[in-house]
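Below you'll find the structure, written out as structure tokens, and then a few comments.
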């Protein structure tokens, strides 16, 4: 049975086939993992962290020509599907492209207003970025353009320092600069393969954050819906609400009537489409239809009343270049970088999540790092062509998907429609009332309040619900970036807390088997006299080594008290099941060593069972295994119990 | 075999005894942990985090009178040993008390100079705090007084803003105020049972930090050893070294000769005592003897040379009250609080580590939270009686232990000796040369550079070594608090990185057994045709759920490629061994669900094996178990393989 012994030459294994008692117990020795140099280990670790998807795998064993093609395909995913693109696919893409354009035009104008930017910037941002994404992006269903959350965050962060009405040029400069830094940050995350950083925004976090932001956005729309002229630029709950009620004299009944009317239409069509996904076109078309009808209405009654405010003149023509407006020095640079990073993270998270959702529905892969580069480059290019932060919008992508989009060509179709609008149709928006834009935003963001997800968090994981509430109330009452930071902090503390106070449980044997399981969970499991079997459910680190040591000693004390009370067999051996100890550091090794020493003083033996590869390696290097003695290490709890009991028996019956 | 089914009523268990193939496979169902309300769970969690030692356990089932006694004992540990204290113990304590006094007096004077404080403050600090500790502290061997690291840190942090020579009163006020806040912080950590926070200073961290600080302290002593008059107040490597070489004209050969002479004596005696612990008294006595001899020497040659600087006049008398010097407003308050917290953490870490070391040697318990309160109250009281930050010193505690100290009475004896010195012997230190103080500090801190520990870190755990180097170079070249912060940050990132990129490994069966182990480690383990068995070695959290999902899909792809190349049996089932998955959150649950969905699309079955209690509970609550179907959950890998293969066989042979 000497298998594996050639790998652990420095540990003789006399455990094999110990013939102590009346039965021969078969014992397997614990192997060390194959030897690797420190460099090999570092290489593997780096590959794990930065290249978990093994991106070069496809290139292996390929002739030179294929490698070039594969390389081009991975840089420009358009080459992957471009070669077998046909008329049938094109027909689907045209239909879906026109559908999302009908959503994108009113939403683009509305979201730009949310970011305190001129409405036309929203249309510019629906033209250039989708074109770039369609070449670089790997999702086939992502509908690219301005989105509500990023618009809100940019608007709230920039307007705290610079007034968008008084300093409009500076404000515009800062918006483009933030967009540039957002893109730079996104592309760098992708290039440096640090995409995993966005994983730290957990879903619980995002549910809370999105709902909080949606509530604020909705409340802000009261400005438009009630026709208030003087409104706060702040984004917290209290100033917004007080602004609504302090300007009651400005409320205009005409605006309110029109707003409530169109809002009801939009909400009803949204409800119908949600009930029957096949009728997606009803909710997709209703914003544009509402814009047209309301514009006509305002045009017709323009001589009767001045109470309903409208957009006014919009410049005609293509995106003007804006690279000369980027702002790389001066006192507001730090603000622009900060805004860029935060809107960058948020829009990236949304874009990737949306991309993954639809990729998973159609069973294709979206590569996170590549998507980051695509979104990043699209924003950097956008910042030079009068666009602000864009990403994949969830609502428009869903419409795109339902409308039957097959490839990124639907984005090209949408961009072309926006182009036509920019070139010829801008004067038509002159009389579009602001109240309809508020109604469109409200309808879009109401869907972001995912109370069902929050309820599920509450039911399944109270701590996740707590994180969710932290970001919700943080965003609502403190501020957007701080709320986000608080929630990320809470998530990280959860991980640290789990590591700092890991669970240990006492195991027993399920009679008639070699299975050892938690005594608390398996009522039929029973203690083995003379043994205390403990499972440690966490890596042993500096942050928990003292705790674990004390906790195991407390288990021992409690077990001894229990034995005394029940007159049981004296405790002889503590078995630590290390299966779930996925790592150990030097403090952990010291703790194991110290634990062994302290147990020895109480004439108790310490036995380790099934340490995983890396742990085994470190136990070996730190010479703890030698100090544990020859019978201190087993592969399974069952073998440890059998071997030790038969040894004890043999010693008793000389 | 229906055990446990009464606890999982909502999951029928038709797995039991599936008679599919030609053999009857015995299958155990996976149990849910006993039901607990959210409140019970929270209570257990809070108890785990804040009361892991179960402090009230001793009070249970005790009559009222005993409870009072136990309560007094736990508040004032002096009651624990006070009642059976006798003459024999007292004799040991007197010997050890006098021995540490002979070390404490010269070290007290020296360390105060290290903190840029008047030398007498060092003696004051060796009088009041030891007395308070002897009543409140639970360690029997801790020798309390000023220590080098905390003195250095306080000196370096305060003198960056306030000059100790020009603003000496303000500097003294800030020192006492910092001491007060250090004590307040320490006591609060203990009271709020947040002691685990100091665990985040890992051993690797401390080795690097201490060595870095020791190097700086040593270099600073060049001032005294070379007799330089004008020296930098900064604490980084570069300004200190340039200060040494820019003032070459001030070097004094008399001072250098005397310094090198006494330094050699001190180092030789230290070496002897380290070689033979029984001769501890040689190194314990040598500082005082050196002080006496050098003072005599300076006194005798005082008319020949003025080159050797000496202490000069020291006030006689007891600690003056200093509560009126505490400083609770004004511009430097933030600095005092920051200095207090950092010196508080450092001195606490040292004190607790020293206490634990000697407690473990004599096999008694030192309660971390209680020690924190003792050290905290001692520093708060100290700040009102002209003392600065004190804690248990490692070097003096080791001498105390070797000299045979039995209880905290040795601290009382030491304090009494210091009292006599303060009252009557102060004039004798008039001619004590500063160079001898530098030599004493150098000898004390050289032992703090634990290069063996650093080498062990390098050998066992490269990442721990990296952390160690971060704090070493951070302290040496950046600054003390920043170096510490960097190192803690690196340690936390290590934990997060481990969680973000957990290990997964492929398992195989060890022939002839029911043992499944890593294929990489156990060469004799072999794959089971049709199965891919993967073990996940980490909790599944938001931070790794995407990674794990992608990684498992990659395992599947790689396995299918391997099968294609070797013409093996088609893959039918992925078994995830969840033994080491110690927790799961909602993102993790979503990932499992999504994984199942995607594998299903490839006609692969997903089976979970042995989820731990909390994970099982969440799987159950989130309805994933139901979606996995009836045969998606097993207790062991062996049972899963046996049951599924026999089912497949049964389906093939109708």
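Protein chains in written order, with UniProt numbering: chain S, 1 to 654; chain H, 1 to 654. All residues carry an ideal CB built from backbone N, CA and C; glycine is no exception.
| Asked | Found |
| --- | --- |
| If you measure from the beta carbon of residue 77 of chain S to each beta carbon in chain H, is any gap under 8 angstroms? | no |
| For chain S, check one thing: does any of its Cβ atoms lie closer than 8 angstroms to the Cβ of residue 425 of chain H? | no |
| What is the DSSP secondary structure of residue 51 of chain H, reduced to helix, strand or coil? | coil |
| Per DSSP, what kind of secondary structure is residue 22 of chain H in: helix, strand or coil? | At residue 22 of chain H, the pLDDT of 44 sits below 50, so the modelled position is not reliable; the number obtained from the coordinates is stated separately. If DSSP states are grouped into helix, strand and coil, residue 22 of chain H belongs with coil. |
| Could you work out which residue in H:168, H:407, H:346 is closest to residue 481 of chain H when comparing CA atoms only? | H:346 |
| I want to know whether the region 125-142 of chain H touches the region 405-423 of chain H - three or more CB-CB distances under 8 angstroms. | yes |
| Alpha carbon to alpha carbon, what distance is there between residue 327 of chain S and residue 157 of chain S? | 17 angstroms |
| Less than 8 angstroms separating the beta-carbons of residue 379 of chain S and residue 366 of chain S? | no |
| If we define contact as Cβ-Cβ less than 8 angstroms, is residue 497 of chain H a contact residue for chain S? | yes |
| Run through chain H and tell me which residues come within less than 8 angstroms of residue 250 of chain S, C-beta to C-beta. | Within 8 angstroms Cβ-Cβ: nothing; residue 250 of chain S doesn't reach chain H, min ~44 angstroms. |
| Please list, in chain order, the chain H residues whose beta carbon lies closer than 7 angstroms to that of residue 589 of chain S. | 460 |
| With a cut-off of 8 angstroms, do at least 3 Cβ pairs link the region 193-208 of chain H to the region 461-474 of chain H? | yes |
| Are the C-beta atoms of residue 49 of chain H and some chain S residue less than 8 angstroms apart? | yes |
| May I have a chain-ordered list of the alpha helix (DSSP H) segments no shorter than 4 residues that lie completely inside the region 427-505 of chain S? | 434-446, 451-460, 462-473, 480-500 |
| Kindly list the residues whose CB is nearer than 7 angstroms to the CB of residue 491 of chain H, restricted to its own chain and excluding five residues on each side of it in sequence; keep chain order. | 200, 202, 205, 467 |
| Is any beta-carbon of chain H found at less than 8 angstroms from that of residue 515 of chain S? | yes |
| For residue 112 of chain H, collect the residues of the same chain with a Cβ closer than 6 angstroms to its Cβ; drop the 5 residues on either side in sequence, then sort them by chain order. | 119, 121, 122 |
| If you measure between the beta carbons of residue 397 of chain H and residue 141 of chain H, is that distance less than 8 angstroms? | yes |
| Just list the residues that DSSP pairs residue 516 of chain S with in beta bridges. | S:509 |
| Looking at the secondary structure, which residues open and close the beta strand (DSSP E) in which residue 574 of chain H lies? | 573-577 |
| List the endpoints of the continuous alpha helix (DSSP H) containing residue 389 of chain H. | Run containing residue 389 of chain H: none; DSSP gives neither H nor E here. |
| According to DSSP, is residue 608 of chain S part of a helix, a strand, or is it coil? | strand |
| Scan the region 29-40 of chain S for residues whose Cβ lies nearer than 8 angstroms to a Cβ of chain H and list them as they occur along the chain. | 31, 32, 33, 34, 38 |
| In whole angstroms, give me the CA-to-CA distance for residue 86 of chain H and residue 406 of chain H. | 11 angstroms |
| Would residue 566 of chain H count as contacting chain S if we go by Cβ distances under 8 angstroms? | no |
| Can you give the Cα-Cα distance for residue 78 of chain S and residue 136 of chain S, rounded to whole angstroms? | 7 angstroms |
| Taking 6 angstroms as the limit between beta carbons, can you name the residues of its chain near residue 434 of chain H, skipping five residues before and five after? | 224, 309 |
| Can you list, in chain order, the residues of the region 603-635 of chain H whose Cβ is nearer than 7 angstroms to any Cβ on chain S? | 612, 613, 618, 621, 622, 635 |
| Counting only Cβ-Cβ distances shorter than 7 angstroms, please list the residues of the region 352-366 of chain S near chain H, keeping chain order. | 360, 363 |
| Please report how far the alpha carbon of residue 305 of chain S lies from the alpha carbon of residue 441 of chain S, in whole angstroms. | 25 angstroms |
| For my contact list, residue 186 of chain H and residue 375 of chain H are in at a C-beta cut-off of 8 angstroms; report their separation, rounded to the angstrom. | 5 angstroms |
| Please name the residues in the region 452-477 of chain S whose beta-carbon is closer than 8 angstroms to at least one beta-carbon of chain H, in chain order. | 456, 457, 459, 460, 461, 462, 463, 464 |
| Cutting at 6 angstroms between CB atoms, please list the residues of its own chain near residue 23 of chain S, excluding the five before and the five after it. | With a pLDDT of 49 at residue 23 of chain S, under the threshold of 50, the modelled position of this residue cannot be trusted, and the question is left open. |
| Taking the beta carbon of residue 313 of chain S as the centre, do at least 16 other beta carbons fall within 10 Å, making it buried, or is it exposed? | exposed |
| Whole angstroms are fine: how far does the CA of residue 384 of chain S sit from the CA of residue 151 of chain H? | 56 angstroms |
| Using CA coordinates, which residue listed in S:213, S:171, S:536, S:487 is at the minimum distance from residue 332 of chain S? | S:171 |
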